[in-house]
Amino acid sequence: MTVWVDADSCPRLVRNYLIRYTKKFNIPIIFAANRQIPQPSSHPLFKMIICGEAKDSADNYITSNAEAQDIVITRDILLADRLVKKSVTVLNDRGTVYSKENIGRRLSERNLSLQFSQFGLIEHKKNNYGKEEFSKFAAGFDKEIQKLLKKAAVSEKPTQSVR
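Numbering (full-length UniProt numbering) for the sequence shown: 1 to 163.
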């Protein structure tokens with residue numbers, strides 16, 4: 001299992017939490033971004049991948065490398081859609097888990113919001129990220145990572161033959 005972070009827009013509070021959490025459970029974490037993102041510490045399990053300036057290069061890198069037993073943190077609905085189709089666990093920095101059941105609706109909401117914005121029908125709100133949003137993320141991340149850890153433990157147990 002690896003934790004992947006679409007790091008370009010990930011809040012520092014979330015990045016720092018993920019580093020502490022993954023270090024505690026000895027889980028590799030990879031930050032992918034189009035530019036260098038400051039990291040609070042270095043550790044053999046932490047990696048920062050700079051994917052270049054091309055549009056969607058970090059998204060493409062994550063999509064190409066993330067696997068079904070991994071978890072990805074992203075705000076990008078289009079990236080989430082690509083990963084959900086690969087059966088990767090995906091959540092945003094507010095603890096919302098993207099799934100096959102909800103990703104279509106999320107994409108529709110995103111597209112509608114973009115259209116309204118282009119016509120000047122909605123104002124862009126400031127994207128505030130505080131304690132409440134972080135608490136929801138931490139709870140959601142812990143829940144999803146525990147599910148993946150349990151699934152990994154079950155698949156590693158040797159099967160006993162029945163006689």
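Using N, Cα and C, we set each Cβ at its ideal position, and we do this for glycine too.
For residue j and residue i, the rounded distance between their alpha carbons
i           : j           : result
residue 155 : residue 68  : 13 angstroms
residue 105 : residue 77  : 10 angstroms
residue 20  : residue 137 : 14 angstroms
residue 103 : residue 79  : 11 angstroms
residue 26  : residue 44  : 10 angstroms
residue 162 : residue 63  : Residue placement at residue 162 is poorly supported in this model, since its pLDDT is 44, which falls under 50; the coordinates are not used for a value here.
Contacting residues, own chain, Cβ-Cβ under 6 angstroms from residue i (five flanking each side not counted)
i           : result
residue 5   : 31 and 73
residue 134 : 13
Neighbourhood of residue i by C-beta, 8 angstroms cutoff - its chain only, sequence neighbours within 5 removed
i          : result
residue 66 : 2, 4, 72, 83, 86 and 88
residue 7  : 15, 31, 32, 33, 37, 48 and 58
Span of the alpha helix (DSSP H), counted from its first residue to its last, around residue i
i          : result
residue 19 : 12-25
The beta strand (DSSP E) enclosing residue i, as first and last residue numbers
i          : result
residue 29 : 29-33
Residues near residue i by beta carbon distance below 7 angstroms, same chain, minus five either side
i          : result
residue 61 : 32, 49 and 51
Touching or not, the region 89-104 and the region 143-154, by the rule of three or more beta carbon pairs under 8 angstroms? yes
For the region 64-106, which segments carrying the beta strand (DSSP E) assignment without a break, of at least 3 residues, lie completely within its bounds, in sequence order? 71-73 and 89-91
Three or more C-beta pairs under 8 angstroms: does that hold for the region 51-68 against the region 94-103? Put simply, the region 51-68 does not touch the region 94-103. Fewer than three CB pairs are less than 8 angstroms apart.
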